[in-house]
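Residue numbers (my numbering): 76 to 303.
This is how it looks when you write it as structure tokens:
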């Protein structure tokens, strides 16, 4: 394992709903080392989604510190947070979140375009699609691909900027068991071959068993950790 890539210290998140305050995170602390594969597990309402939004720089904590790849991002403004997010975080969602009218290649190019990188977008995106086994499907649109293939496109999009972390939120939730196994194996192979740090939110103990460590959260705090 390498350096600490994620350090969360006493994160709280309070949502106001009219007169009511909802405490989604209540002083949660955790660390993730570079190259680790972590599963985050917990019941509905435990704070998993809120935590993922903060770790993915989609939201800020109400209080506490979040240090991502050596940079304290807890108090950044929206535009600064968006830049960090695009550069340092790759997302894989349960519902794929692909642009329906765009080809696989264009979907994968999007983070490069947002980053304003000087790379040849086509070549970098092609390499990412080849890395996930879709070199022959680059010009297909999502509705011409199976669910497993769509998730591979999403993974290619997640790795194209060589991010510090990949956050996968129930990545096999919309797939049959065979396609789901292939997607988990692909994520694990990216970790083996590239040293990619993976954080997977899952309800599935079989998926969690493939990770290095399981973090259980409940009521907005870490209640236990176990090595697998």
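All C-beta atoms in this analysis are idealised placements derived from N, C-alpha and C, irrespective of residue type, glycine included.
Could you tell me which of the options sits nearest to residue i, measuring between CA atoms?
{"i": "residue 250", "options": "160, 222, 275 and 232", "result": "222"}
{"i": "residue 216", "options": "182, 287 and 202", "result": "182"}
{"i": "residue 121", "options": "98, 207, 208 and 190", "result": "98"}
{"i": "residue 124", "options": "301, 295, 300 and 302", "result": "295"}
{"i": "residue 190", "options": "162, 106, 212 and 210", "result": "162"}
{"i": "residue 154", "options": "172, 133, 165 and 237", "result": "133"}
{"i": "residue 103", "options": "262, 110 and 82", "result": "82"}
{"i": "residue 201", "options": "220, 180 and 280", "result": "180"}
{"i": "residue 208", "options": "196, 239 and 265", "result": "265"}
{"i": "residue 171", "options": "159, 126, 257 and 248", "result": "248"}
{"i": "residue 278", "options": "93, 119, 92 and 220", "result": "119"}
How many angstroms separate the CA atom of residue i from the CA atom of residue j?
{"i": "residue 218", "j": "residue 175", "result": "7 Å"}
{"i": "residue 273", "j": "residue 246", "result": "12 Å"}
{"i": "residue 108", "j": "residue 227", "result": "25 Å"}
{"i": "residue 143", "j": "residue 229", "result": "22 Å"}
{"i": "residue 186", "j": "residue 235", "result": "7 Å"}
{"i": "residue 149", "j": "residue 136", "result": "6 Å"}
{"i": "residue 260", "j": "residue 205", "result": "16 Å"}
{"i": "residue 293", "j": "residue 211", "result": "43 Å"}
{"i": "residue 100", "j": "residue 233", "result": "26 Å"}
{"i": "residue 199", "j": "residue 262", "result": "19 Å"}
{"i": "residue 157", "j": "residue 238", "result": "13 Å"}
{"i": "residue 159", "j": "residue 126", "result": "17 Å"}
{"i": "residue 169", "j": "residue 258", "result": "11 Å"}
{"i": "residue 92", "j": "residue 184", "result": "38 Å"}
{"i": "residue 268", "j": "residue 280", "result": "24 Å"}
{"i": "residue 256", "j": "residue 284", "result": "13 Å"}
Return the chain-ordered list of same chain residues with a C-beta closer than 6 Å to the C-beta of residue i, the five sequence neighbours on each side being excluded.
{"i": "residue 139", "result": "84, 85, 86 and 87"}
{"i": "residue 298", "result": "291"}
{"i": "residue 302", "result": "288"}
{"i": "residue 213", "result": "179, 180 and 204"}
Rounded to whole angstroms, how far is the Cβ of residue i from the Cβ of residue j, which I believe are closer than 8 Å?
{"i": "residue 95", "j": "residue 286", "result": "In fact, because the Cβ distance is near 35 Å, the residues do not count as touching under 8 Å."}
{"i": "residue 167", "j": "residue 243", "result": "4 Å"}
{"i": "residue 276", "j": "residue 129", "result": "Not quite, the Cβ-Cβ distance comes to about 13 Å (not below 8 Å), so this is no contact."}
{"i": "residue 145", "j": "residue 241", "result": "Between residue 241 and residue 145 the Cβ distance is about 18 Å, and since that is not below 8 Å, they are no contact."}
{"i": "residue 300", "j": "residue 289", "result": "7 Å"}
{"i": "residue 203", "j": "residue 231", "result": "4 Å"}
Specify the secondary structure class of residue i as computed by DSSP and reduced to three states.
{"i": "residue 92", "result": "strand"}
{"i": "residue 116", "result": "strand"}
{"i": "residue 125", "result": "helix"}
{"i": "residue 106", "result": "strand"}
{"i": "residue 98", "result": "strand"}
{"i": "residue 244", "result": "strand"}
{"i": "residue 196", "result": "helix"}
{"i": "residue 148", "result": "coil"}
{"i": "residue 219", "result": "helix"}
{"i": "residue 172", "result": "coil"}
Given residue i, which residues of its chain have a CB within under 7 Å of its CB, disregarding the five upstream and five downstream residues?
{"i": "residue 106", "result": "79, 81 and 82"}
{"i": "residue 188", "result": "196"}
{"i": "residue 173", "result": "182, 217, 225, 228 and 229"}
{"i": "residue 117", "result": "123, 291, 292 and 293"}
{"i": "residue 151", "result": "159"}
{"i": "residue 252", "result": "none"}
Once the 5 residues before and after residue i are set aside, which same chain residues still bring their CB inside 8 Å of it?
{"i": "residue 147", "result": "140 and 141"}
{"i": "residue 131", "result": "160, 164, 166 and 242"}
{"i": "residue 89", "result": "96, 97, 98, 99 and 137"}
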